[in-house]
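Everything below concerns the one structure shown next.
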Amino acid sequence: MIPGVDGFMYPNEVELQWSILIVLYPFITGLVAGAFILASLERVFKVEAVKPTYRLALLTALSFLLVAPLPLQLHLGHPERSFEMYLTPHTSSAMAMFGFVYLWYLTVVLLLEIWLDYRADIVRMSQTTTGITRLIYKTLTLGSDNVSPAALRIDDKVGYVITVIGIPSAFMLHGYVGFIFGSIKANPWWSSPLMPVVFLFSAMVSGIAAVLLLYMAAMKIKKLPIDMRCIDTISKYMFYTFVIDFTLEMLDLVHRTYEADESFRSLDFMVHTRLWGSHVLLQIVAGTAVPLILLAATQLRRFSEAARKVIYVIACSLTLIGIFAMRWNVVIGGQLFSKSFLGYTTYKMDLVTREGLLPAIALMLLPFPIFFVLIKLLPPWRHNEASGD
Amino acid sequence: MRSSLRDAGHLIRPAVLLVVGLAVFLVIRAAVVPKSFGTYGHYRAAFLDTARAKPIHYAGQDVCVSCHDAEATMRAAGKHAKVACEACHGPQAQHADDPSALKPKLPDVATLCARCHEKDPAKPKTFPQVVTAEHSGGMACNDCHKPHNPHL
Amino acid sequence: MEMTRRDLFRIGGKLLVLASAGATLEQITGAEPAPEAYRMADHWWGMIIDIDKCIGCGSCVRACSNENQVPTGYFRTWVERYEVPEGYGNPIVTSPDGAINGFPLPKPTNLKAFFVPKLCNHCADSPCTQVCPVGATFVSPDGVVLVDKEYCLGCRYCVQACPYGCRYLHPETETVDKCTLCYHRITKGLTTACCENCPTQARQLVDFKNPKDPVHEFLRNNKVSVLKPQMATEAKVYYKDLDGAVR
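From first to last, the protein sequence lines are chains A, B and C.
With the working numbering applied, the first sequence closes on residue 395, and no number is skipped along the way.
With the working numbering applied, the second sequence closes on residue 221, and no number is skipped along the way.
With the working numbering applied, the third sequence closes on residue 245, and no number is skipped along the way.
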C-alpha cells in the first residue's frame, strides 16, 4: 500500500508533477489580465467613473507581470535552459508560444502604454529631481524631452491604439494559460474548450477585485478621499463579469454531470472527497456565491457609503480567495486522480523546499514591494492631486 | 509636416529599443542554438548518437550460448529453452566482456522460481504453477528440479 | 592595362570552370564517409504483447531497471494485475512497485484475472511530443519517442500530456525520463532488455518496415488493440486479447 494513495494509480502518477507554484502562475497572470481590462474600461470604453484607478491598474498589472515568470523558473528542473523556449520554440506547444505572448504583452503593451501615459511626468521629474533619482528619470525619458501639447496629443492617440491592441493581448495572455490546460486530451478534468474562457473571465474578476482593494488601501494610506462613484462602477463591472464567470463554470459542471462520460464517476468522487473543502466550500460557496450575493445586494438596494465600502472589501477579498481556490482545484485537482479512473493520490506540499509553501508565499508577496517602488517612482496620482503630502 | 514629425519623434526611441533588442536576440540565437538542431525535426539530431551510445548491460542469450555450451544444450532440451539466461542470472554483459573478472552470483532460488511458478489465477491456465507452500514440503526448488532443464 | 567588361567575363568564366573542376575532383578522390550500418529510414519500431502469455513474473521490469539504470520508485515499464468482475463495476488493479519483484501471494478469487505489461507506446502521433515547448522530446525518424536530457527543461508538460502515465521526472538529472525502447540496443541488432528477458515471449520487439517481421502476421491473424484507442495517439504497442476492462 502506497501512503496517500487510495485505489490504483499508474506507478508514475503517484507523485504530483505540478505544484503550488504552478497554481500561483495562472493566478498571477490572471490578476494582470484583469487589472489591464479595468484600465481599458476607461481608456477605450470611456467609462469616466473608473478614471481614478487607471494608472493604479497599469502599475498593478506591471508589478504582477514582472513576478509571473518566477514561480515557473523555480519549478523547472533546469531554469538555466528556459531561454531555449525563445531560441527553439516548438510551435505546436502552447507553452512555447506563451513565452512570446508574455514578451509582447510586457513590452509592446504594458511598458509602452505606461511610458506614454507617464511621459509628461517623467520628463518633468527628470528636470526637477537630483542625484540618482534624476538619472533614473533621465533614462526613462529615453532621451526625449518633448512634452509639447502636440506631442502629448500624439502620445494619447498612440496610447489609445495600444490599449485597443492590449485588450485582445490581455485575453491572449490569460486565455493561453487556460489553453495550456484545456488542450490536454489526456486529462479529462482539464480538457475542455471552455477552459480558456473560464480562465479568462475568472482572471478578469480577480484582477478587478485586486485593483479595487489596492485603490481603497492606497487612498486610506495616503489619507485621500475614496471616489465612491469610481468604486461603485468598478464593483458593478465586477458583478457583471462574475455573473458570466459563474455561468460558464456552472455550464461546465452541468455538462459534465449530464453527459457522465467515463471520467465522471472518478471526478465526481474526487470533488466530494479530496476537493470538498477547496472546491465546494472555498471556491463555490465562499469565493463565488457569497460575493455574488453581496454584490447583487448593492445593485438592488442602496446601502450607505460606509456599508458599501465594507461590502466591497469583503466581496473582493473573498473573490480573490475563491479565484485562487479555482486555480488550485484545476491544477492540483487535475493531478489527484488517476488516469485509470481507479484511484487517487495526495498532494504533499513541503514547507521550505524549492516548490514548497514558503517560496510560494514569498512569490505571492513579492509584487507588493515592487508595486510600492513603482508608485513611488511613477505616482499614479496626478501632480495636482497629491495635495495631502 | 516637419513639426508633427518632431512631435512624434520621441516614438522612434522605444521603436529603436525594440529593434535593437530583436537584433541582439537574433545574434544570440545564431550563436547558441545547437548546430544539429532541426536536421530531422524539431530536436537536436546529435542526441540520437548519444542515445545510441549508452552502455549495454544485458549481453543476450546468443552471447551466453557461444561460451556455455553444456548449459545451453541442457536448456535447449527442456521447457526452459526459451527462457533467457540473464532472466535468472541477471545482466551479464560485463561478464561476457571479461569472463574471469566478474563471476555472476547465483540468484536466490526460492524467490526466483516462485516469481514465475507460484500459483496465481491471473496466470494462463496452461502455465505450470504450484502452491509452493504445499508443493515441496519446505525443500528448495533445485533439490529436485535442475534449473536449466527442470523436467523430472 | 585597361580591363574591358569582356575581359572580366572571360577571366571570371575560367575561374568558375577551374573551381567546379576542383570541387568535382575532391568529390571523386576525397575519402567517402563510411556507410552507416544502421539506417534510421529502414526501421519503424513498435512492440507486440500477448496478454495470454504474460505470467506477471516482473522479469521485464527488472531487466529494464538494470539495463537503463532506472531510479528506484520510477518505472519505464511495469506490469498490472487485473481482477475483473462481471458487469460495469471497476476492476481491481494492483501493481506493487510496478511488479519489479513480481506479485505477492494472491488472495483466492473467482474473478477473471490477467496481467497487463505496460510501457511507453511510442505513439506515431504522440501528444507528449506535441506539447514540449523546446523540442527536447521527439519521435525519431525510426519511430522511437526519445527525451534529450541535455535539452529538457524539466517543465513536465509532457508528463501531463501522456495518457498512459509512462513518463516521470528523473530525480537526479531533473529531466523527464521514460522508456527509450532500448534505443542503444535495437540500433545494434539486439532486442530490448524487456523482450530479451521475458520468459514466455509475451513481449516482442517489432519493426513494421521489415517485411519478414512477425508483426504483420500477428496483426492480421489476431484480435488486437492498443491502450486508450479513443485518444487517437497512433500507439505502436499492440496487445493481443486485451480485455475491455483494461484502463
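All C-beta atoms in this analysis are idealised placements derived from N, C-alpha and C, irrespective of residue type, glycine included.
Everything numeric in this text was worked out from a predicted model, so none of it was measured.
Residue i at chain C interface by Cβ criterion, 7 Å
i, result
"Lys163 (chain A)", "no"
"Lys192 (chain B)", "yes"
"Ile338 (chain A)", "no"
"Ala141 (chain B)", "no"
"Phe94 (chain B)", "no"
"Glu255 (chain A)", "no"
"Gly83 (chain A)", "yes"
"Pro176 (chain B)", "no"
Same chain, Cβ closer than 8 Å to residue i, five either side skipped, listed in chain order
i, result
"Leu424 (chain A)", "Nothing in the structure corresponds to residue 424 (chain A), since chain A is present only between 7 and 395."
"Ser98 (chain A)", "none"
"Pro125 (chain C)", "Ala159, Cys160, Pro161, Met229 and Thr231"
"Leu80 (chain A)", "Leu27, Arg360, Glu361, Pro365 and Leu369"
Proximity to residue i [Cα-Cα], best of the options
i, options, result
"Ile250 (chain A)", "A:Ile34, A:Asp127, A:Met276 and A:Val203", "A:Val203"
"Pro193 (chain B)", "C:Lys226, C:Ala200 and C:Val235", "C:Ala200"
"Pro124 (chain B)", "C:Ala61, C:Gln128, C:Asn66 and C:Met45", "C:Asn66"
"Met332 (chain A)", "A:Val296, A:Leu64 and A:His285", "A:His285"
"Ala246 (chain C)", "C:Cys150, C:Gly96 and C:Val129", "Chain C is shown only over -1 to 245; residue 246 (chain C) falls outside these bounds and no answer can be derived."
"Ala191 (chain B)", "C:Asp123, C:Val142 and C:Thr92", "C:Thr92"
"Phe89 (chain A)", "A:Ala102, A:Pro77 and A:His81", "A:Ala102"
"Ala115 (chain B)", "C:Ala35, C:Tyr237, C:Asn219 and C:Glu148", "C:Glu148"
"Leu116 (chain A)", "A:Lys163, A:Ser346, A:Pro155 and A:Ala67", "A:Ala67"
"Ser205 (chain B)", "B:Cys182, B:Pro103 and B:Asp189", "B:Cys182"
"Arg154 (chain C)", "C:Thr173, C:Gly133 and C:Cys62", "C:Thr173"
"Phe106 (chain B)", "C:Phe136, C:Val235, C:Pro169 and C:Asp241", "C:Phe136"
"Pro219 (chain B)", "B:Val89, B:Lys174 and B:Arg144", "B:Arg144"
"Asp205 (chain C)", "C:Gly187, C:His41 and C:Pro169", "C:His41"
"Met276 (chain A)", "A:Leu372, A:Phe343 and A:Arg87", "A:Phe343"
"Cys196 (chain C)", "C:Ala39, C:Lys207, C:Val143 and C:Gly100", "C:Gly100"
Per-residue burial, residue i [other beta carbons within 10 Å of its own, 16 or more giving buried]
i, result
"Arg75 (chain B)", "exposed"
"Ala150 (chain B)", "exposed"
"Cys136 (chain B)", "exposed"
"Asp167 (chain B)", "exposed"
"Leu91 (chain B)", "exposed"
"Asp395 (chain A)", "Caution applies to Asp395 (chain A), whose pLDDT of 37 falls short of 50 and renders its modelled position unreliable; the value that the coordinates give is listed next. By the 10 Å Cβ count, Asp395 (chain A) comes out exposed."
"Glu81 (chain C)", "buried"
"Ser175 (chain A)", "buried"
"Thr294 (chain A)", "buried"
"Tyr72 (chain C)", "buried"
"Ala97 (chain C)", "buried"
"Trp196 (chain A)", "buried"
"Asp146 (chain C)", "buried"
"Trp121 (chain A)", "buried"
Within-7 Å CB hit, residue i to chain B
i, result
"Glu65 (chain C)", "yes"
"Ala157 (chain A)", "yes"
"Arg79 (chain C)", "yes"
"Pro33 (chain C)", "Bear in mind that a pLDDT of 44 at Pro33 (chain C), under 50, signals an unreliable position, so the number given afterwards is only what the model happens to contain. By this cut-off, Pro33 (chain C) is not an interface position."
"Ile160 (chain A)", "yes"
"Leu93 (chain A)", "yes"
"Asn220 (chain C)", "no"
7 Å Cβ cutoff, residue i in contact with chain A
i, result
"Arg184 (chain B)", "no"
"Asn93 (chain C)", "The identity of residue 93 (chain C) in the sequence shown is Ser, whereas the question assumes Asn. Chain A, which has a Cβ nearer than 7 Å to the Cβ of Ser93 (chain C), makes this yes."
"Thr185 (chain C)", "no"
"Gly56 (chain C)", "no"
"Val89 (chain B)", "no"
6 Å CB neighbourhood of residue i in its chain, flanking five on each side removed
i, result
"Leu171 (chain B)", "Gln163 and His164"
"Asp274 (chain A)", "none"
"Pro209 (chain C)", "none"
"Ala321 (chain A)", "Pro297, Leu300 and Leu301"
"Met225 (chain A)", "Ile232"
Contact set for residue i: own chain, Cβ-Cβ below 7 Å, skip 5 residues either direction
i, result
"Ile184 (chain C)", "Trp43, Thr190 and Leu203"
"Ile34 (chain A)", "Phe70, Val73 and Ala74"
query: Using a Cβ cut-off of 8 Å, which residues of the region 110 to 131 of chain B contact any Cβ in chain C, in chain order?
result: Here the close residues are Gly110, His111, Tyr112, Arg113, Phe116, Leu117, Thr119, Ala120, Arg121, Ala122, Lys123, Pro124, Ile125, His126, Tyr127, Gly129 and Gln130.
- prompt: In chain order, what residues of the region 12 to 28 of chain A put their CB closer than 7 Å to some CB of chain C?
  reply: Phe14, Tyr16, Pro17, Asn18, Glu19, Gln23 and Trp24
- request: Determine which residues of the region 136 to 154 of chain A have a Cβ less than 7 Å from any Cβ of chain B, and write them out in chain order.
  value: Leu148, Gly149, Ser150, Asn152 and Ser154
message: Short of 7 Å Cβ to Cβ, which residues in the region 119 to 143 of chain C face chain A?
response: Pro125, Gln128, Val129, Cys130, Pro131, Val132 and Gly133
field: Against chain B: residues of the region 106 to 132 of chain A by CB proximity under 9 Å
entry: Thr113, Val114, Leu117, Leu118, Trp121, Leu122 and Arg125
- prompt: Just by C-beta distance, which residues in the region 188 to 206 of chain A are closer than 9 Å to chain C?
  reply: Ser189, Ile190, Lys191, Ala192, Asn193 and Trp196
task: With 8 Å as the C-beta to C-beta threshold (strictly closer), list the residues of the region 44 to 57 of chain A near chain C in chain order.
output: So nothing in the stretch comes that close.
task: Could you list the residues in the region 184 to 206 of chain C with a C-beta less than 8 Å from some C-beta on chain B, going in chain order?
output: Thr185, Lys186, Leu188, Thr189, Ala191, Glu194, Asn195, Cys196, Pro197, Thr198 and Gln199
- request: Mind checking the region 144 to 170 of chain C against chain A and listing, in chain order, the residues whose C-beta falls within less than 8 Å of any C-beta there?
  value: Tyr149, Cys150, Leu151, Gly152, Cys153, Arg154, Tyr155, Val157, Gln158, Ala159, Cys160, Pro161, Tyr162, Gly163, Cys164, Arg165, Tyr166 and Leu167
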